[in-house]
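Below is one structure, written out as structure tokens; comments come after it.
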Amino acid sequence: MPQDNTTETAAKSGVQVIKFGDPANDWHDYGDMPGDRTPGNPIGQHASVWKSTDGRVTVGLWRRDADFGDLLGTGQCFDFVIEGDVTVTDQHGVSHVANSGDLLIYNERDEGSWEQPGPIRKIFIHVRD
3 MPQDNTTETA AKSGVQVIKF GDPANDWHDY GDMPGDRTPG NPIGQHASVW KSTDGRVTVG
63 LWRRDADFGD LLGTGQCFDF VIEGDVTVTD QHGVSHVANS GDLLIYNERD EGSWEQPGPI
123 RKIFIHVRD
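The sequence shown begins at 3 in our numbering and counts up by one.
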């Protein structure tokens with residue numbers, strides 16, 4: 003696929019197909035975060051594939067092995083799980099299970115825990131105020 007080298011990925015127009023396994027994806031390591039309860043777990047990786055010109059919206063890919071920690075987000079978060087599963091337990095003790103094919107929606111103000119028993123691959127959309 004021809005690469006747009008004029009800007010990172012800001013405001014690309016036209017039809018695009020982003021393949022999860024494409025070696026052209028710019029993967030970045032995402033280490034243990036404050037609140038992670040599984041230190042030393044394999045590092046997660048994310049690749050931003052599109053950003054709005056104002057920087058408020060980011061679309062990307064995410065992959066990581068098993069993880070358990072606090073629910074962490076940036077702005078309004080939309081996670082489409084394409085492989086794996088995760089259980090988010092909110093601040094009221096209610097468990098929300100997202101499996102392959104499910105959309106998980108949460109906000110940076112939401113509190114809770116993230117329990118992911120095995121590998122996960124997801125597409126994320128973050129919208130910042």
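C-beta atoms are modelled at their ideal positions from N, C-alpha and C, and glycine is treated no differently.
Reference phenylalanine 103, options Ser97, Glu117 and Val83, closest by Cα: As a position in the sequence shown, residue 103 is number 101, starting the count at 1. The sequence as given places glycine at residue 103; phenylalanine does not occur at that position. It is Val83 whose Cα lies nearest to the Cα of glycine 103.
Taking the C-alpha atoms as reference points, what is the distance between lysine 21 and leucine 105? Residue mapping note: residue 21 aligns to position 19 of the sequence shown, counting from 1. Residue mapping note: residue 105 aligns to position 103 of the sequence shown, counting from 1. Approximately 19 angstroms between the Cα atoms of the pair.
Provide the residue span of the beta strand (DSSP E) that contains glutamate 85, from first to last. Reading the sequence shown from its first residue, position 83 is the one you call residue 85. Its beta strand (DSSP E) spans residues 78-85.
Let me know if threonine 55 comes out buried or exposed under the rule of 16 or more other beta-carbons within 10 Å of its beta-carbon. Position 53 of the sequence shown, counted from the start, is the residue given in the question as residue 55. It is exposed - the Cβ of threonine 55 has fewer than 16 other Cβ atoms within 10 Å.
Confirm, please, whether the CB-CB distance from tryptophan 116 to leucine 63 is below 8 angstroms. If you number the sequence shown from 1, residue 63 lands on position 61. If you number the sequence shown from 1, residue 116 lands on position 114. No. Outside cutoff.
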